[in-house]
Amino acid sequence: MARLFAQLRFLVGALTLVLLLAVAVPAGAQQPSQVNPNASAVKEQQLLNALQGGSIGGRVSIPDQKSGMLIQPGGRDWRQFHEVTLRWIGAIAILGMLALLIVFYLTRGQVKLESGYSGRRIVRFNAFERAVHWMTAACFIILALSGLNITFGKSLLMPIIGEPAFAGWSQWAKYAHNYLSFPFSIGVFAIFLIWVAGNIPNKVDVEWAKRGGGILGRDHPPAYRFNAGQKMIYWIVVIGGTAVAVTGYLLMFPFYATDMQGMQLAQTVHAIIAVLFVAAMLAHIYIGTIGMEGAFDAMGEGTVDVNWAKEHHRLWLEQEMARTGPNESQRQPAATPAE
Amino acid sequence: MKSFVIGCAAAIAIAAIAGFVLNTVQKPTDQAYSTTGVRL
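So the protein sequences, as listed, match chains S and G.
Numbered per the numbering used here, the first sequence spans residues 1 to 339.
Numbered per the numbering used here, the second sequence spans residues 1 to 40.
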């Protein structure tokens, strides 16, 4: 009997051990997935989750607490804009304008001076006006090239000149972009002051626009000192120039007047207006040089032929003649500088 | 041409003055964003 109990105890004990093993082995096998011993893997998963739309930030010991924010949703949107959207906007605006001007030149050709040169000149812009124009224009060209380098340089220029040369060029381009912004801003402000009186829209502009400005057809609609097209360029320069200057200074002095979201918005506005500005200035450069015969003289040497003034700015010529007398305004030789 | 040269010279002069003023007023990054206890 005692032996029977001993065998039963052994049997129960063996069954209990088997049962325990049967339960314990699967539990042990599941252990690694339930309790992840790798702490870095846990953080990585949290980072991946946060990258789906949240912010990733931490604590820093330096005074600039903003640097504790590593990634934020607005930053991802801004990066997408800067790397993709802006390039499309810029390419379409600038290449589109260039294509338009080429097609226009090939179909319309240069706007000729139909009545020919009279040999008599009239002062169109004085020395101060031209110096302000060229100061602003020279700054604009460098600002445009150095700004486009930020958007397109990495894709277009770096593969050609190599990384070291691109880095050096970009550094100097950024210096030029920063420092030349000041004379550009002063130039835009001066342009606003010296030409605002002649650039207020009026009824003559409506008629000029209806008749295609004499550019689309062979017409010569009357205009005062500035026609509607020139007024449009003027206000693009004044408003667009002010906008890029203000947003540019927000970027140049980071976080003085705005936070991170404000910086991203400032860069977005700055970039969009800048590429549209470049496209508009291409049209301005075209019509001021190869697009119209005799137009460059106005800003080049300061005087224009009287016949040119008669065809393109008849009302202004009449005003000038009434003010100075016909002999006074017509007797200046072609070589007379407008100083 | 003369006005163009004057315009460019004015731009360079204003840019140089602006650069000098900026470099005088603004502190370098390692000074602006650090404390005495920070090692950079």
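All C-beta atoms, glycine included, are put in the ideal place defined by N, C-alpha and C.
DSSP three-state assignment for residue i, whether helix, strand or coil
{"i": "L282 (chain S)", "result": "helix"}
{"i": "G57 (chain S)", "result": "strand"}
{"i": "Q304 (chain S)", "result": "It should be pointed out that residue 304 (chain S) corresponds to Val in this sequence rather than to Gln. Looking at V304 (chain S) - three-state DSSP - the assignment turns out to be strand."}
{"i": "L216 (chain S)", "result": "coil"}
{"i": "I71 (chain S)", "result": "strand"}
{"i": "I102 (chain S)", "result": "helix"}
{"i": "M1 (chain G)", "result": "coil"}
{"i": "V246 (chain S)", "result": "helix"}
{"i": "I122 (chain S)", "result": "strand"}
{"i": "V111 (chain S)", "result": "strand"}
{"i": "Q26 (chain G)", "result": "coil"}
Presumed contact (8 Å Cβ cut-off) between residue i and residue j, rounded CB distance
{"i": "R124 (chain S)", "j": "A298 (chain S)", "result": "4 Å"}
{"i": "L216 (chain S)", "j": "L180 (chain S)", "result": "With 8 Å as the limit, L216 (chain S) and L180 (chain S) do not qualify as a contact, their Cβ atoms being about 36 Å apart."}
{"i": "V188 (chain S)", "j": "V237 (chain S)", "result": "6 Å"}
{"i": "N126 (chain S)", "j": "G302 (chain S)", "result": "6 Å"}
{"i": "N199 (chain S)", "j": "W169 (chain S)", "result": "Between W169 (chain S) and N199 (chain S) the Cβ distance is about 37 Å, and since that is not below 8 Å, they are no contact."}
{"i": "T136 (chain S)", "j": "F184 (chain S)", "result": "6 Å"}
{"i": "I273 (chain S)", "j": "G240 (chain S)", "result": "6 Å"}
{"i": "C8 (chain G)", "j": "A176 (chain S)", "result": "Not really, about 13 Å apart at Cβ, beyond 8 Å."}
Pairwise C-alpha distance: residue j and residue i
{"i": "D305 (chain S)", "j": "E320 (chain S)", "result": "13 Å"}
{"i": "R218 (chain S)", "j": "A209 (chain S)", "result": "13 Å"}
{"i": "S86 (chain S)", "j": "K174 (chain S)", "result": "Note on identity: in this sequence residue 86 (chain S) is Leu, with Ser being the wrong assignment. Whole-angstrom Cα-Cα distance: 19 Å."}
{"i": "T324 (chain S)", "j": "L282 (chain S)", "result": "35 Å"}
{"i": "W386 (chain S)", "j": "I6 (chain G)", "result": "For residue 386 (chain S) there is no data in the structure shown, the boundaries of chain S being 1 and 339."}
{"i": "G75 (chain S)", "j": "G300 (chain S)", "result": "46 Å"}
{"i": "T258 (chain S)", "j": "L250 (chain S)", "result": "8 Å"}
{"i": "W78 (chain S)", "j": "K27 (chain G)", "result": "28 Å"}
{"i": "S61 (chain S)", "j": "G147 (chain S)", "result": "35 Å"}
{"i": "R211 (chain S)", "j": "I102 (chain S)", "result": "22 Å"}
{"i": "V206 (chain S)", "j": "M97 (chain S)", "result": "24 Å"}
{"i": "A27 (chain S)", "j": "R9 (chain S)", "result": "With a pLDDT of 44 at A27 (chain S), under the threshold of 50, the modelled position of that residue is not reliable, and the figure given next carries that caveat. Cα-Cα distance, rounded: 27 Å."}
{"i": "F20 (chain G)", "j": "Y256 (chain S)", "result": "20 Å"}
{"i": "T24 (chain G)", "j": "D64 (chain S)", "result": "21 Å"}
{"i": "R314 (chain S)", "j": "F226 (chain S)", "result": "11 Å"}
{"i": "L317 (chain S)", "j": "E311 (chain S)", "result": "10 Å"}
{"i": "R59 (chain S)", "j": "H82 (chain S)", "result": "28 Å"}
{"i": "A10 (chain G)", "j": "I17 (chain G)", "result": "11 Å"}
{"i": "Q30 (chain S)", "j": "Q52 (chain S)", "result": "In this predicted model, Q30 (chain S) has a pLDDT of only 43, less than 50, meaning its place in the structure is not dependable; the value taken from the coordinates is given anyway. Using only the alpha carbons, I get a separation of about 29 Å."}
{"i": "F128 (chain S)", "j": "P159 (chain S)", "result": "43 Å"}
{"i": "A344 (chain S)", "j": "Q267 (chain S)", "result": "A question about residue 344 (chain S) goes unanswered here, because the residues of chain S that appear run from 1 up to 339."}
{"i": "Y391 (chain S)", "j": "Y286 (chain S)", "result": "As displayed, chain S neither begins before 1 nor continues past 339, which places residue 391 (chain S) out of reach and without an answer."}
{"i": "P164 (chain S)", "j": "T289 (chain S)", "result": "37 Å"}
{"i": "G162 (chain S)", "j": "Q261 (chain S)", "result": "34 Å"}
{"i": "G248 (chain S)", "j": "L22 (chain G)", "result": "15 Å"}
C-beta atoms of residue i and residue j nearer than 8 Å
{"i": "I194 (chain S)", "j": "V132 (chain S)", "result": "yes"}
{"i": "A14 (chain G)", "j": "F140 (chain S)", "result": "It is Ile, not Ala, that sits at residue 14 (chain G) in the sequence shown. In this structure, F140 (chain S) does not lie closer than 8 Å to I14 (chain G) by Cβ."}
{"i": "A99 (chain S)", "j": "V275 (chain S)", "result": "no"}
{"i": "M252 (chain S)", "j": "N178 (chain S)", "result": "yes"}
{"i": "L113 (chain S)", "j": "G294 (chain S)", "result": "yes"}
{"i": "A243 (chain S)", "j": "V269 (chain S)", "result": "yes"}
{"i": "G291 (chain S)", "j": "Q72 (chain S)", "result": "no"}
{"i": "P201 (chain S)", "j": "G213 (chain S)", "result": "no"}
{"i": "M69 (chain S)", "j": "G54 (chain S)", "result": "no"}
{"i": "S3 (chain G)", "j": "W172 (chain S)", "result": "no"}
{"i": "I233 (chain S)", "j": "A197 (chain S)", "result": "no"}
Near the ligand PLP: residue i beta-carbon under 7 Å from a heavy atom
{"i": "D30 (chain G)", "result": "Because no ligand of any kind appears in the structure shown, any question about the ligand PLP cannot be addressed here."}
Chain G contact residues for residue i, given Cβ-Cβ distances below 7 Å
{"i": "R130 (chain S)", "result": "S3"}
{"i": "I186 (chain S)", "result": "I14"}
{"i": "F182 (chain S)", "result": "I14, A15, A18"}
{"i": "Y179 (chain S)", "result": "A15, A18, G19"}
{"i": "A127 (chain S)", "result": "S3"}
Under 9 Å by beta carbon: chain G residues contacting residue i
{"i": "Y234 (chain S)", "result": "None at all; the shortest Cβ gap to chain G is about 18 Å."}
{"i": "A271 (chain S)", "result": "In chain order: nothing, as chain G lies at least about 22 Å away."}
Contacts of residue i in chain G (Cβ-Cβ under 8 Å)
{"i": "Y249 (chain S)", "result": "Those within 8 Å of Y249 (chain S) in chain G number zero; the least Cβ separation is about 11 Å."}
{"i": "G134 (chain S)", "result": "Checking the sequence, you will find Trp at residue 134 (chain S) rather than Gly. Here the neighbours are S3, F4, I6, G7, C8."}
{"i": "A295 (chain S)", "result": "Neighbours of A295 (chain S) on chain G: none; closest Cβ ~16 Å, over 8 Å."}
{"i": "A138 (chain S)", "result": "F4, G7, C8, A11"}
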